[in-house]
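K.L.:
My questions will all concern the structure given below.
There are 2 protein chains.
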Amino acid sequence: MTAEVISAELLAVVVAMVGDEPCVLTLGDPPPRLPAGPLLPGHRSLQAATRRWVEEQTGRRLGYLEQLYTFADLDRDGSPARTISISYLGLTTPNADTGFGAWRGWYSLLPWEDTRTDTSVLTDRVTPQVRAWADQQPSLASERRQRCAITFGLDGNPWQPDLVLQRYELLYEAGLVPESPSAWRRPDDEVVPGDRMVGDHRRVLATGLARLRAKIQYRPVVFELMSPEFTLGQLQDCVEALAGRAVHTQNFRRLIEQQALVEDTGQVDAETGGRPARLYRFRREVLQVRQAAGTKLPTIRSR
Amino acid sequence: MTAEVISAELLAVVVAMVGDEPCVLTLGDPPPRLPAGPLLPGHRSLQAATRRWVEEQTGRRLGYLEQLYTFADLDRDGSPARTISISYLGLTTPNADTGFGAWRGWYSLLPWEDTRTDTSVLTDRVTPQVRAWADQQPSLASERRQRCAITFGLDGNPWQPDLVLQRYELLYEAGLVPESPSAWRRPDDEVVPGDRMVGDHRRVLATGLARLRAKIQYRPVVFELMSPEFTLGQLQDCVEALAGRAVHTQNFRRLIEQQALVEDTGQVDAETGGRPARLYRFRREVLQVRQAAGTKLPTIRSR
DNA sequence: ACCACTTATGCTCCGATGTAGCATAAGTGG
DNA sequence: CCACTTATGCTACATCGGAGCATAAGTGGT
Numbered sequence: 006m007t008a009e010v011i012s013a014e015l016l017a018v019v020v021a022m023v024g025d026e027p028c029v030l031t032l033g034d035p036p037p038r039l040p041a042g043p044l045l046p047g048h049r050s051l052q053a054a055t056r057r058w059v060e061e062q063t064g065r066r067l068g069y070l071e072q073l074y075t076f077a078d079l080d081r082d083g084s085p086a087r088t089i090s091i092s093y094l095g096l097t098t099p100n101a102d103t104g105f106g107a108w109r110g111w112y113s114l115l116p117w118e119d120t121r122t123d124t125s126v127l128t129d130r131v132t133p134q135v136r137a138w139a140d141q142q143p144s145l146a147s148e149r150r151q152r153c154a155i156t157f158g159l160d161g162n163p164w165q166p167d168l169v170l171q172r173y174e175l176l177y178e179a180g181l182v183p184e185s186p187s188a189w190r191r192p193d194d195e196v197v198p199g200d201r202m203v204g205d206h207r208r209v210l211a212t213g214l215a216r217l218r219a220k221i222q223y224r225p226v227v228f229e230l231m232s233p234e235f236t237l238g239q240l241q242d243c244v245e246a247l248a249g250r251a252v253h254t255q256n257f258r259r260l261i262e263q264q265a266l267v268e269d270t271g272q273v274d275a276e277t278g279g280r281p282a283r284l285y286r287f288r289r290e291v292l293q294v295r296q297a298a299g300t301k302l303p304t305i306r307s308r
Numbered sequence: 006m007t008a009e010v011i012s013a014e015l016l017a018v019v020v021a022m023v024g025d026e027p028c029v030l031t032l033g034d035p036p037p038r039l040p041a042g043p044l045l046p047g048h049r050s051l052q053a054a055t056r057r058w059v060e061e062q063t064g065r066r067l068g069y070l071e072q073l074y075t076f077a078d079l080d081r082d083g084s085p086a087r088t089i090s091i092s093y094l095g096l097t098t099p100n101a102d103t104g105f106g107a108w109r110g111w112y113s114l115l116p117w118e119d120t121r122t123d124t125s126v127l128t129d130r131v132t133p134q135v136r137a138w139a140d141q142q143p144s145l146a147s148e149r150r151q152r153c154a155i156t157f158g159l160d161g162n163p164w165q166p167d168l169v170l171q172r173y174e175l176l177y178e179a180g181l182v183p184e185s186p187s188a189w190r191r192p193d194d195e196v197v198p199g200d201r202m203v204g205d206h207r208r209v210l211a212t213g214l215a216r217l218r219a220k221i222q223y224r225p226v227v228f229e230l231m232s233p234e235f236t237l238g239q240l241q242d243c244v245e246a247l248a249g250r251a252v253h254t255q256n257f258r259r260l261i262e263q264q265a266l267v268e269d270t271g272q273v274d275a276e277t278g279g280r281p282a283r284l285y286r287f288r289r290e291v292l293q294v295r296q297a298a299g300t301k302l303p304t305i306r307s308r
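From first to last, the protein sequence lines are chains W and C. Count the first sequence with this note's numbering and you get residues 6 to 308, in order. Count the second sequence with this note's numbering and you get residues 6 to 308, in order.
Written out as structure tokens, the structure reads:
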């Protein structure tokens, strides 16, 4: 009974805003994959190893980086040798975009998660399939219906943006994503829309998205995705893109201001298409003080 | 450049309430250690492996179990071969206590974290040492002072219960815990009180405690530590023990009731030493609905 | 029986916070 | 000059959270 021989791999979900779209850094295709690499003897720490691999494979330096989750189920891929995957979430800006790899929109990979303006993907392509799955097995129907209603916000339940992972897992279980074994060779129209990724990378992406959506509610991490100076409108767009939903503008501004998260630069951006907006800068000092207190976001406007 | 050969180990922080004391399951001594074991080929998943090892080593079945963090820094111990440690947080009740291992009070291991009634450890033994460390290097003093003030709630900053890990790490850096290399052979009175553990297990414990304190604020996990029926007073004691601080009783009750987390059993417990208390039962149904909404706790009574 | 003390429970006051909407400012392109 | 866009200021109102007062119903002691 000796310990299993194992190799460990680092997996990075690197997020940046490209225009109005939240994107993830991917390599190769099709299907695309996340930057990843094995843990080597020279690596000092897991975090350092992740930084190195991302830099080597994509030519990009990461700023913010936090550990996400460690996966090691036996059936992750077909192979008998087990790989432990330690995943990280990184945040950057797409500036100086000289690297390799492609910024791919989150919502091309998980389209049902974008409920900012158009919920037709959700209501037309996902919800019906999910409901059908629930009713498929009469003995489980009531339990499944409850679960669907909560994770997808059906039957009067609220849509909860940060249940990303629960939604993906339900779709996987239901065989509604092509990665699922039970979706083997299902035709495209019996499957939910959204580009697939290598292995379980789409699940890892969902884990990252879930974490990020949860985190922006209590830590000022949004600013890691902004350029040094920005208007409150841009900041709001960013938050809305991440959360996948619209926010009450006036309340958003008040909240940001009263928390003293930003300071006025005295400059204005006239390129807004409307009244020029003031430019602000993130007050990095608050990172010290706000270890716990965090950014609060106004809860979401009902439409 | 092949992948490093590695073994992976599961580490469990298993928590239960023994009387009024929150405890962690430990083995051996001195110094005590957390239940742990290598990942073996037969293990289906990391979580299953953790369950097995805990059961085998302590004779206890776990209920709630969630992944905490994965450690793999090169300098974790002296050895050149790297071990990846994947830590889990488990919650149980100490019922049917037939197993091996000892329930050891959190606060014998991290005494400064208990600010429920007596803060003398903190104010007499920890704060002065921490302050001294900050002032030790004039060039870093201002930065360090800020950090100390925030993590330990000095100079008007609020005490934040869930900064457990930050506090431990500061003490470690400052050489104020005997585990720290820079505390090598320091006499006991130049070190902060609290029993040490094997390796970095005390850091892992701090990670678990931090997670738990954060989590009880937004998920109804406290109930995993309660027996099936309990009074609101017992529930409050449990929360206070976990958070390490006192809570306003009336507000606590209001909060629990208005969230409909519990239901009245119709019975009473006359053993309270005062007016008999109603017995309640956790409404397991809410686990479904409350995936995100969570238990809110009233913030803390000022004394 | 009465008293001091303990825990349980009900209720109110008030300030902070969050939600929603109205109104105005200052640009753009026709 | 007008219609439209985005930015920004302000207010009314509901809800929530924090703190305290008051009462209920047990205990043990004299």
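For glycine and all other residues, C-beta sits at the position ideal for the given N, C-alpha and C. What you are looking at is a predicted structure, and each value in this text was computed from that prediction instead of being measured.
#1: Please name the residue, chosen from C:Val-59, C:Thr-55 and C:Val-291, that lies closest to C:Ala-107 on a Cα-to-Cα basis.
#2: What does the alpha-carbon distance come out to for the pair C:Ala-17 and W:Tyr-285?
#3: Answer yes or no: does any C-beta atom of chain C fall closer than 8 Å to that of W:Asp-78?
#4: Can you give me the Cβ contacts of C:Ser-12 inside the same chain, cut-off strictly under 7 Å, excluding the 5 residues immediately before and after it?
#5: Note down, one range per segment and in chain order, each beta strand (DSSP E) of at least 3 residues found wholly within the stretch 100-152 of chain W.
#6: Bridge partners for C:Gln-72 per DSSP, in chain order?
#7: I'd like the span of the beta strand (DSSP E) that includes W:Asp-269, first residue to last.
#8: Measure the alpha-carbon distance for C:Met-231 versus C:Cys-28 and round it to whole angstroms.
#9: In its own chain, which residues sit with a C-beta less than 7 Å from the C-beta of W:Leu-96, not counting the 5 before and 5 after it?
#10: Exposed or buried, which one is C:Leu-292 when buried takes at least 16 other CB atoms within 10 Å?
#11: What residue range is occupied by the uninterrupted alpha helix (DSSP H) comprising W:Leu-170?
#12: Apart from the five residues on each side of it in sequence, which residues of its chain come closer than 8 Å, Cβ to Cβ, to C:Gly-213?
#13: What number of angstroms, rounded off, separates the C-alpha of C:Ala-86 from the C-alpha of W:Val-196?
#14: So within the stretch 201-283 of chain W, which uninterrupted beta strand (DSSP E) runs reach at least 3 residues, ignoring any that extend past its ends?
#15: Comparing the C-beta of C:Leu-51 with each C-beta of chain W, is any distance below 8 Å?
#16: So with CB distances below 8 Å, who are the chain C contacts of W:Thr-75?
#17: Are the CB atoms of W:Leu-115 and W:Gly-204 nearer to each other than 8 Å?
#18: Does the beta carbon of C:Ala-297 sit closer than 8 Å to a beta carbon anywhere in chain W?
#19: Would C:Glu-183 and C:Arg-201 be called neighbours here (beta carbons separated by less than 8 Å)?
#20: Any residues in the stretch 22-51 of chain C with a beta carbon nearer than 7 Å to a beta carbon of chain W? Which ones, in chain order?
#21: From the beta carbon of W:Ser-113, is the nearest beta carbon of chain C less than 8 Å away?
#22: Look at the alpha carbon of W:Thr-236 and the alpha carbon of W:Pro-281, and state the distance between them as a whole number of angstroms.
#23: Nearest by alpha-carbon distance to W:Asp-129: which of W:Trp-189, W:Ala-41 and W:Asp-194 is it?
#24: Is the CB-CB distance between C:Leu-175 and C:Val-135 below 8 Å?
P.N.:
With the given structure in hand:
#1: Taking each of C:Val-59, C:Thr-55 and C:Val-291 in turn and checking the Cα distance to C:Ala-107, the smallest one comes out for C:Val-59.
#2: 45 Å
#3: yes
#4: Pro-43 and Thr-88
#5: 107-110
#6: Looking at the DSSP output, C:Gln-72 sits in a beta bridge with C:Tyr-93.
#7: 267-274
#8: 13 Å
#9: Val-20, Gly-68, Tyr-69, Val-226, Glu-229 and Leu-230
#10: C:Leu-292 comes out exposed.
#11: 169-178
#12: Val-18, Val-20, Val-29, Leu-73, Ser-92 and Leu-94
#13: 46 Å
#14: Listed in chain order, the beta strand (DSSP E) elements of length 3 or more contained wholly in the stretch 201-283 of chain W are 267-274.
#15: yes
#16: Leu-51, Gln-72, Thr-75 and Ile-91
#17: no
#18: The predicted model places C:Ala-297 with a pLDDT of 45, which falls under 50 and marks its position as unreliable; any figure quoted below should be read in that light. True, the Cβ-Cβ gap to chain W drops below 8 Å.
#19: Residue identity differs from the one stated: residue 183 of chain C is Pro in this sequence, not Glu. Against a cut-off of 8 Å, the Cβ pair of C:Arg-201 and C:Pro-183 comes out as a contact.
#20: Pro-43, Leu-44, Leu-45, Pro-46, Arg-49, Ser-50 and Leu-51
#21: By this cut-off, W:Ser-113 is not an interface position.
#22: 9 Å
#23: W:Asp-194
#24: yes
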